[in-house]
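So the sequence shown is residues 4 to 127, counted in our numbering.
C-beta atoms are modelled at their ideal positions from N, C-alpha and C, and glycine is treated no differently.
What you are looking at is a predicted structure, and each value in this text was computed from that prediction instead of being measured.
What follows is a set of notes on a single structure, which appears directly below.
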Amino acid sequence: MTDVDTALRQAMGVIEGAIGTALVDYNSGMALGTVDGAGGLDLTVAAAGNTDVMRAKMRTMEMLGLNDGIEDILITLSSQYHLIRPLTSRTGKGLFLYLALDKRRANLAMARHQLAKIENELEV
Numbered sequence: 004m005t006d007v008d009t010a011l012r013q014a015m016g017v018i019e020g021a022i023g024t025a026l027v028d029y030n031s032g033m034a035l036g037t038v039d040g041a042g043g044l045d046l047t048v049a050a051a052g053n054t055d056v057m058r059a060k061m062r063t064m065e066m067l068g069l070n071d072g073i074e075d076i077l078i079t080l081s082s083q084y085h086l087i088r089p090l091t092s093r094t095g096k097g098l099f100l101y102l103a104l105d106k107r108r109a110n111l112a113m114a115r116h117q118l119a120k121i122e123n124e125l126e127v
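This is how it looks when you write it as structure tokens:
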């Protein structure tokens, strides 16, 4: 099992194109841990903003009567990918991993696969 800081550093180290990552509590919008790369992102602002995205999607699913889980949410910008991955472990309820990627260097399929692996090894 991996702790939060190690998991976030691992994401930055092994996921090609990673420019920032955070573990976020979507009940409060607070980042529980962050690792910034060369992207210069304000991960505190990203945590709060992506909390709104997460909450909106959960509300929409509830209104639609969808009894399903969110695997991840992808936001595609002209130069970046932003991945939001809710934790599914019993101790990770209410938390999500956030990962920002440089679109030119990242392999989106591999990034999703590696982020899922990091989530599975994360102990909160």
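Mind reading off the beta-carbon distance from residue i to residue j? Whole number of angstroms is fine, and I expect it under 8 Å.
i	j	result
Thr-24	Tyr-101	6 Å
Leu-44	Val-7	Not confirmed; about 18 Å, so no contact.
Leu-118	Ile-18	7 Å
Thr-37	Leu-11	7 Å
Arg-108	Asp-75	Contact doesn't hold; Cβ gap of about 19 Å is too wide.
For the beta strand (DSSP E) that residue i lies in, which residues bound it at each end?
i	result
Arg-88	83–89
Leu-26	21–28
Gly-36	33–39
Sort the options by Cα distance to residue i and report the nearest one.
i	options	result
Ala-21	Ala-103, Leu-35, Ala-49 and Glu-126	Ala-103
Leu-80	Leu-118, Thr-63, Leu-111 and Ser-92	Leu-111
Asn-53	Lys-106, Val-127 and Gly-32	Gly-32
Ala-50	Asp-28, Leu-90 and Gly-68	Asp-28
Met-15	Gly-97, Lys-106 and Asp-39	Asp-39
Lys-106	Ser-82, Ile-78, Thr-63 and Ile-18	Ser-82
Val-127	Ala-109, Gln-117, Gly-97 and His-116	Gly-97
Ala-59	Asn-30, Ala-10 and Gln-117	Asn-30
Arg-88	Met-113, Met-57 and Ala-41	Met-57
Between the C-alpha atoms of residue i and residue j, what's the straight-line distance to the nearest angstrom?
i	j	result
Leu-86	Lys-120	14 Å
Asp-71	Gly-95	17 Å
Ser-92	Phe-99	11 Å
Leu-90	Leu-26	9 Å
Gly-68	Glu-122	27 Å
Gln-13	Met-66	36 Å
Ile-78	Met-61	16 Å
Asp-55	Thr-9	26 Å
Between which two residues does the alpha helix (DSSP H) carrying residue i extend?
i	result
Thr-9	7–17
Self-check item: In chain order, each alpha helix (DSSP H) run of at least 4 residues that lies wholly inside the segment 43–112
Solution: The DSSP assignment places 46–67 as complete runs of the alpha helix (DSSP H) inside the segment 43–112, in order along the chain (cut-off: 4 residues).
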